[in-house]
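Notes follow the structure.
In the working numbering, the protein residues as written are 56 to 497.
Here you go:
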């Protein structure tokens with residue numbers, strides 16, 4: 056089986072496309088679930104302002120979850136045998152338990168007050184929505200962690216299509232609830248969160264069912280759980296944790312970035328309008344960006360075959376250009392006017408600005424695809440500190456750009472777009488610099 060997988064990992068446009076297309080559809084559709092439920096949230100009592108609070112509660116949740124963001128990469132590198140799989144499963148469980156506990160604590164006073172009323176300067180009503188979103192989101196975040204294990208199994212067997220099928224199930228369920236709930240009068244942030252959580256739960260079940268046959272065929276699986284080789288699992292778990300740790304710190308900093316932007320945008324003129332523009336446009340831009348970032352998995356499974364092999368780099372740039380068509384469509388009067396003005400319930404005075412912002416975002420997918428390719432090279436070289444350095448550069452560049460633009464009176468939406476463009480460029484340059492300090496990347 057290993058040899059078969061290796062043979063399928065030889066580069067060709069066809070083989071890479073067959074592996075990548077399900078991945079990008081998965082990344083796109085996973086993020087698409089959030090703007091889908093925005094229609095439930097914004098038609099509640101607080102309108103589009105509730106989406107700001109709802110999004111900030113989820114951003115804190117994802118920031119905490121991002122401490123485990125390196126687990127998928129760790130599994131791709133280590134969980135290719137039964138021993139590696141068991142160690143990875145144990146590491147995933149331990150990190151999940153610790154981080155969900157942190158999420159619960161952060162959702163309670165006084166921490167929730169410091170975060171949402173202090174840092175984000177939300178009104179008491181919106182701060183309450185944000186803190187409850189964070190608390191009730193524990194179930195959904197737990198599903199995400201549990202999904203890591205079967206997802207890694209599928210990716211290691213080049214079964215990205217099956218992982219995508221599970222995500223499509225999630226998307227269909229979420230879309231059905233996004234349509235049904237408002238018709239039944241079930242609107243507001245809690246029903247939006249319920250729709251998201253149920254969809255993720257269905258995805259988790261489907262992913263496990265798809266992965267089970269591959270788990271049974273993992274190499275070096277002992278005949279019983281009490282086999283003599285199993286005591287080495289703690290050592291393997293520790294080895295994987297050491298690999299994950301730099302990625303975890305970097306992932307935390309990466310997810311801290313939207314909070315940095317929100318904190319700055321919330322202090323610009325017309326802050327509510329600026330935050331609304333930021334969140335409704337990033338809801339479209341993020342699915343495209345996440346689809347582009349799936350190139351990291353492709354880079355791990357399709358390594359360079361000879362010195363100077365940059366075929367995947369050219370492929371990444373071309374894929375990024377194609378992905379950019381999606382936000383470009385949302386900048387048109389027909390699609391953008393309906394999506395932002397009707398579906399997202401954005402006030403007419405800012406619909407035009409939202410369309411302009413999402414049009415500018417159409418080029419960012421190229422940057423993310425190239426960035427993801429070099430992150431994959433760093434993972435292949437078992438250089439997680441290089442990835443962490445890039446993620447530190449991401450956060451630092453966001454903070455620097457916003458710090459420069461805020462006193463200049465730049466509109467909040469333009470500040471966010473500028474920072475989000477510059478940051479991934481800094482990531483790519485930093486990782487290349489770290490890798491080239493010891494070995495030239497291919």
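C-beta atoms are modelled at their ideal positions from N, C-alpha and C, and glycine is treated no differently.
Any non-hydrogen atom of the ligand ATP closer than 6 angstroms to residue i Cβ
i           : result
residue 154 : No copy of the ligand ATP appears in this structure; indeed no ligand is present at all.
Whole-angstrom distance between residue j and residue i, CA atom to CA atom
i           : j           : result
residue 200 : residue 340 : 24 angstroms
residue 495 : residue 365 : Caution applies to residue 495, whose pLDDT of 49 falls short of 50 and renders its modelled position unreliable; the value that the coordinates give is listed next. Whole-angstrom Cα-Cα distance: 12 angstroms.
residue 163 : residue 186 : 7 angstroms
residue 355 : residue 295 : 17 angstroms
residue 96  : residue 247 : 6 angstroms
residue 98  : residue 119 : 28 angstroms
residue 489 : residue 483 : 10 angstroms
residue 399 : residue 103 : 8 angstroms
residue 168 : residue 334 : 22 angstroms
residue 241 : residue 317 : 28 angstroms
residue 135 : residue 273 : 7 angstroms
residue 180 : residue 172 : 10 angstroms
residue 112 : residue 277 : 44 angstroms
residue 301 : residue 72  : 30 angstroms
residue 265 : residue 206 : 9 angstroms
residue 101 : residue 390 : 25 angstroms
residue 381 : residue 359 : 30 angstroms
residue 439 : residue 298 : 7 angstroms
Reduced DSSP secondary structure (H/G/I, E/B, other) of residue i
i           : result
residue 333 : helix
residue 192 : coil
residue 356 : helix
residue 239 : coil
residue 233 : helix
residue 366 : helix
residue 214 : coil
residue 158 : helix
residue 152 : helix
residue 128 : helix
residue 220 : helix
Beta-carbon proximity list for residue i, same chain, < 7 angstroms, skipping 5 on both sides
i           : result
residue 465 : none
residue 74  : 213, 215, 353, 356
residue 193 : 155, 158, 159
residue 196 : 116, 120, 155, 158
residue 429 : 483, 486, 487, 496
residue 460 : 470, 473
residue 319 : 457, 461, 470
For residue j and residue i, believed in contact at Cβ under 8 angstroms, the rounded distance
i           : j           : result
residue 105 : residue 244 : 6 angstroms
residue 143 : residue 129 : 7 angstroms
residue 141 : residue 288 : 5 angstroms
residue 350 : residue 431 : 7 angstroms
residue 405 : residue 472 : Actually they are not in contact, since the Cβ atoms of residue 405 and residue 472 sit about 14 angstroms apart, beyond 8 angstroms.
residue 107 : residue 362 : The Cβ separation is near 50 angstroms, so there is no contact.
residue 150 : residue 124 : 10 angstroms between Cβ atoms; not a contact.
residue 303 : residue 450 : With a Cβ gap of about 14 angstroms, residue 303 and residue 450 do not count as contacting.
8 angstroms CB neighbourhood of residue i in its chain, flanking five on each side removed
i           : result
residue 161 : 115, 119, 167, 170, 189
residue 233 : 91, 92, 94, 95, 250
Same chain, Cβ closer than 6 angstroms to residue i, five either side skipped, listed in chain order
i           : result
residue 444 : 485, 489
residue 479 : 422, 423, 426
residue 228 : 254, 257
Contact the segment 371 to 379 vs the segment 418 to 425: 3+ CB pairs below 8 angstroms: yes
Stretch-stretch touch, CB-based, cutoff 8 angstroms, three pairs: the segment 215 to 223 with the segment 253 to 262: yes
Cβ contact (3+ pairs, closer than 8 angstroms) linking the segment 458 to 477 and the segment 322 to 331: yes
The segment 381 to 390 in contact with the segment 407 to 415 per 3-pair CB rule at 8 angstroms: yes
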